[in-house]
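Peer 1:
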Amino acid sequence: MLLVASVMLAIGAPAFFVQVFAAEDGPVETATALFLLVAGLMLARRIRGLPGLGAALTVVYALLFLFAAGEEISWGQRIFGWNSNDFFATYNAQGETNLHNLTVGGHRLARTLFGSGLTTVILFYLVVFPIFYSRIAWINRIAERLAVPIPGLRHAGLAVAASVIVAGLDVPRKWEVYELVFALLATAIFIRHANHSGWRRQR
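Residue numbering for the sequence shown is 32 to 234, as defined by this note's numbering.
#1: Residues in its own chain within less than 8 Å of residue 163 by CB, not counting five upstream and five downstream?
#2: Among all the DSSP beta bridges, which residues are the ones paired with residue 241?
#3: May I ask you to report which of helix, strand or coil DSSP gives residue 133?
#4: Return the CA-CA distance between residue 104 and residue 204, expressed in angstroms with no decimal places.
#5: Who are residue 123's beta bridge partners in DSSP?
#6: By the DSSP assignment, the alpha helix (DSSP H) with residue 108 in it spans what residues?
#7: Specify, as a first and last residue, the run of the alpha helix (DSSP H) that residue 59 falls within.
#8: Would you decide whether residue 39 is buried or exposed? Buried here means 16 or more other CB atoms lie within 10 Å of its CB.
#9: What is the DSSP secondary structure of residue 186, reduced to helix, strand or coil?
#10: According to DSSP, is residue 166 helix, strand or coil?
#11: Below 8 Å on the Cβ atoms is my contact criterion, and I expect residue 89 with residue 74 to pass it. Report the Cβ-Cβ distance as a whole number of Å.
#12: Which two residues bound the contiguous alpha helix (DSSP H) that contains residue 105?
#13: So, are the CB atoms of residue 116 and residue 125 less than 7 Å apart?
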């Protein structure tokens with residue numbers, strides 16, 4: 032539904048897409064923060080059902096998603112209207128309290144650390160893992176050891192479809208939609224992942 036709406040708006044109402052739909056603090060960005068939060072909470076509720084290492088790593092995974100949710104809304108700065116301190120006012124590209132928009136030596140942290148490299152890693156996780164998890168024993172063992180929730184083939188298919196569709200949109204701020212797609216997929220994966228039955232406390 033998100034992708035259909037995005038295509039229709041990008042083609043039929045590009046100004047609305049940019050100024051309202053995918054705008055800063057608009058529906059897409061707000062939903063992204065919400066579903067990153069939900070994804071983190073879904074991971075957190077599984078911690079008690081895992082053995083030691085898996086539980087410890089899942090704490091890290093959950094915290095990363097909760098951190099990403101906070102970053103997405105600049106930790107509530109625009110919601111509550113508080114001002115950035117001098118550091119963020121000087122070095123943040125938007126003058127906001129978040130790390131992903133920091134500018135270091137003329138380079139934005141978001142583009143250096145969270146750009147194409149991170150996108151490649153995410154797509155590898157979403158598309159390659161589902162294909163090889165049940166076929167290659169060592170990938171299976173590593174995933175279980177590290178308590179990595181494996182996407183299903185349906186998630187892989189949606190990830191590929193979303194990548195093609197969003198890349199084909201000719202409108203600014205289209206990658207905001209891509210971020211929401213990832214947040215939705217993450218939530219769906221953590222609710223019921225391919226190795227769901229393996230996430231049980233060893234007795």
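For every residue, glycine included, the Cβ atom is placed at its ideal position computed from N, Cα and C.
Peer 2: In terms of the structure at hand:
#1: 170
#2: Any question about residue 241 goes unanswered here, given that the chain covers just 32 to 234.
#3: strand
#4: 16 Å
#5: 133
#6: 108 to 111
#7: 58 to 75
#8: exposed
#9: helix
#10: coil
#11: 6 Å
#12: Taken as a continuous stretch (DSSP letters only), residue 105 belongs to no alpha helix (DSSP H), as it is neither H nor E.
#13: no
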